[in-house]
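Since the structure comes first, as structure tokens, the remarks are kept for the end.
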Amino acid sequence: MRFRTRPKQNIELPLQVYCFMSVIDRQANIRIEVTVSNAFNISILSKTSSIIANDKTANIRDDNSDEQCPCEDIQIRFPIPDPWVYMFRVEKRFRYGAIHSVRRKAGKIKGLDRLMINRNDGLIPLMAASAGIAKYEQAFRSIVWRIDQLPKRDQGAYKTHLFECKIAIPSYDPIPEKYEPIADVEYSMSQAFISHCQIRSVAVPSAEETPEKWIRSKSRFIYTIDIEYAFKEEEKKDFAPIEIDMKEQPMTQSETENNSQSDDSD
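Position 74 of the sequence shown, counting from 1, maps to 115 under the working numbering, and the rest follow consecutively.
Written as structure tokens, this is what we have:
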């Protein structure tokens, strides 16, 4: 059974996403912040469902329960203007590939700016993500930031994750007059019904043998986020610093598989 539902406006979404882009003096900066709310707590979800259904005998978990309902298969798609697409492509032996993000935050490596200038590859955009991996995908014409799961193990609520991209626009490239106003967010949550519906019974008519019955709950979120733009120095924002683990972390097996599949499709 699959159906669509629209949560109320005053309900906190599991992922709070903020997108910002500044284009000043031929320097484009993209910043995406993802904050994990407390909606992944199973005890809160079960309490809300029981209150709506007026079920006093519902088995409500303890508030101190460590059981979590994380967000999985997260995709955040930030559109890129067509004149800048070639900056995110790299030529390989038999085909073109995409530039991937690194696991370090830009600007934290000592002497990074000096090294980039000496390499004479200022056209290559510098992308960094604190979790997951990001790259340009032609199918969406966007930078797609993919994260397997949030929150991760040993992480609590209201933990902010960051993605940054810095693009140096050359003098021979035009600056677009219009930009896409929205970014797409997509992810799923297992073991949760955001619509708070409850299945009372499952019947299988005219069954020769006693059927096995089970329920697997899953909610899928698809919504859009307004992108905030700044084209003047006065409109540029000063963001608060976000604590990010600067250690290089190996990618998980699922992330590696996603990268190989995505590279083949480029």
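Glycine is no exception: its CB is placed at the ideal position from the N, C-alpha and C atoms.
- Here the C-alpha atom of S247 lies approximately 25 Å from the C-alpha atom of S258.
- The criterion of a C-beta distance shorter than 7 Å is not satisfied by P192 and V75.
- Restricting attention to T201, A69, I73, the CA atom closest to the CA of V226 is found in I73.
- At a cut-off of 4 residues, not a single continuous stretch assigned as alpha helix (DSSP H) sits fully inside the stretch 197-221.
- In the three-state scheme derived from DSSP, where H, G and I count as helix and E and B as strand, M128 is classed as helix.
- With a cutoff of 7 Å on beta-carbon distance, F129 and A175 are scored as not near each other.
- A direct Cα-Cα distance of roughly 6 Å separates K207 from A69.
- Nearest Cα to F44 within the set E275, I115, H237: H237.
- Between A170 and S142, the C-beta gap is smaller than 7 Å, which places the two residues in contact.
- Within the model, the alpha-carbon separation for I71 versus K219 is close to 16 Å.
- By the neighbour-count definition (other C-beta atoms within 10 Å, threshold 16), V131 is an exposed residue.
- 7 Å or more divides the Cβ of F119 from the Cβ of E269.
- I223 places its beta carbon 7 Å or farther from that of V58.
- Close CB contacts of S260 within its chain, under the 7 Å cut and outside five residues either way in sequence, are with S229, M230, A233, F234, I235 (chain order).
- Non-local beta-carbon contacts of V64 in its own chain, meaning distances under 7 Å to residues more than five positions away in sequence, involve I216, F272 in chain order.
- Taking each of A209, Q196, E178 in turn and checking the Cα distance to A172, the smallest one comes out for Q196.
- Between I188 and I115, the gap from beta carbon to beta carbon is short of 7 Å.
- Note on geometry: alpha-carbon atoms of P124 and I240 lie some 51 Å from one another.
- Judged by their CB atoms, P48 and C112 are not nearer to each other than the 7 Å cut-off.
- Taking the CA atoms as reference points, T201 sits about 45 Å from P252.
- Straight-line spacing of the CA atoms in E221 and R182 works out to 11 Å.
- Just so you know, the alpha carbons of S212 and R67 end up roughly 8 Å apart.
- If you draw a 10 Å sphere on the C-beta of V245, you find fewer than 16 other C-beta atoms in it, and that means exposed.
- With fewer than 16 other CB atoms across the displayed protein chains lying within 10 angstroms of its CB, V243 is exposed.
- Of the residues assessed, E250 falls on the exposed side of the cut-off, its CB having fewer than 16 other CB atoms within 10 angstroms.
- By alpha-carbon distance to I184, the top candidate from Y199, M168, R194 is M168.
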